[in-house]
Amino acid sequence: MIVFLDVSYFIKELIMCIVFIQAELNSLATNLMFYVIANIVKSIVEKLLQVLTEKKSYGKLISTQIIIDLTAIEETLKYFLENDTKKLFSSIRSKLMDKLNEEKFKNSMYTFKTTMNMAIKSLDISENDIVFENLDTSTV
564 MIVFLDVSYF IKELIMCIVF IQAELNSLAT NLMFYVIANI VKSIVEKLLQ VLTEKKSYGK
624 LISTQIIIDL TAIEETLKYF LENDTKKLFS SIRSKLMDKL NEEKFKNSMY TFKTTMNMAI
684 KSLDISENDI VFENLDTSTV
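This note's numbering numbers the first residue of the sequence shown as 564 and each following residue consecutively.
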């Protein structure tokens with residue numbers, strides 16, 4: 564059996580959709596871009612976490628895939644995630660670590676970072692002075 568070593572298709576599609584939204588907002592409403600994307604990410608992550616917390620036990624392959632997908636989301640969208648969400652991601656990953664296939668994880672993350680490099684870089688807003696906790700929505 565051949566196991567595809569990569570981040571789930573729907574996670575990559577999610578990231579690309581956010582990149583497209585970012586591109587549109589950058590040309591139309593740059594000042595609102597961070598706020599809108601942060602809220603989209605929050606909504607999506609809430610739904611994802613709801614699904615992940617419904618089932619308590621996963622097999623080795625599914626556990627590894629969940630860790631891969633959560634890591635990809637966190638590394639790509641880190642500037643748009645709240646600290647509580649990052650802690651919840653870490654908590655979920657820590658519960659699944661005993662079932663992690665480390666080789667699959669490393670290969671998947673390498674493949675993801677290589678193939679999605681431009682998308683990942685476009686969502687890196689670290690050079691901006693925007694921080695989620697300091698976002699004053701009263702001025703939006």
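Idealized CB from N, CA, C, for every residue including glycine.
Span separating the alpha-carbon of residue i from that of residue j
{"i": "M672", "j": "S620", "result": "23 Å"}
{"i": "I574", "j": "R656", "result": "16 Å"}
{"i": "L591", "j": "A635", "result": "28 Å"}
{"i": "I600", "j": "E666", "result": "33 Å"}
{"i": "L640", "j": "K649", "result": "10 Å"}
{"i": "S552", "j": "N646", "result": "For residue 552 there is no data in the structure shown, the boundaries of the chain being 564 and 703."}
{"i": "C580", "j": "Q613", "result": "21 Å"}
{"i": "M681", "j": "T674", "result": "13 Å"}
{"i": "L663", "j": "N594", "result": "41 Å"}
{"i": "S626", "j": "F668", "result": "10 Å"}
{"i": "K684", "j": "K618", "result": "33 Å"}
{"i": "L644", "j": "I584", "result": "16 Å"}
{"i": "T547", "j": "M596", "result": "Look at the range of the chain in this structure, 564 to 703, and you will see that residue 547 is not part of it."}
{"i": "N589", "j": "T677", "result": "25 Å"}
{"i": "K605", "j": "L624", "result": "27 Å"}
{"i": "S654", "j": "E587", "result": "34 Å"}
{"i": "L686", "j": "M679", "result": "11 Å"}
{"i": "V582", "j": "L651", "result": "24 Å"}
Minimum C-alpha distance to residue i - residue among the options
{"i": "L577", "options": "S654, K669, K610, N646", "result": "K610"}
{"i": "Y642", "options": "F675, N602, T593", "result": "N602"}
{"i": "I631", "options": "N670, T593, S606, L651", "result": "N670"}
{"i": "I607", "options": "K618, S653, D661, L633", "result": "L633"}
{"i": "G622", "options": "Y572, M660, Y598, I683", "result": "M660"}
{"i": "Q628", "options": "L686, Y572, D687", "result": "Y572"}
{"i": "V570", "options": "L651, S654, E637, D687", "result": "E637"}
Host alpha helix (DSSP H) of residue i (start-end)
{"i": "A592", "result": "First-last for A592: undefined, no H or E at that position."}
Alpha helix (DSSP H) runs wholly inside the stretch 630-703, at least 4 long, in chain order: 646-659, 665-678, 680-685
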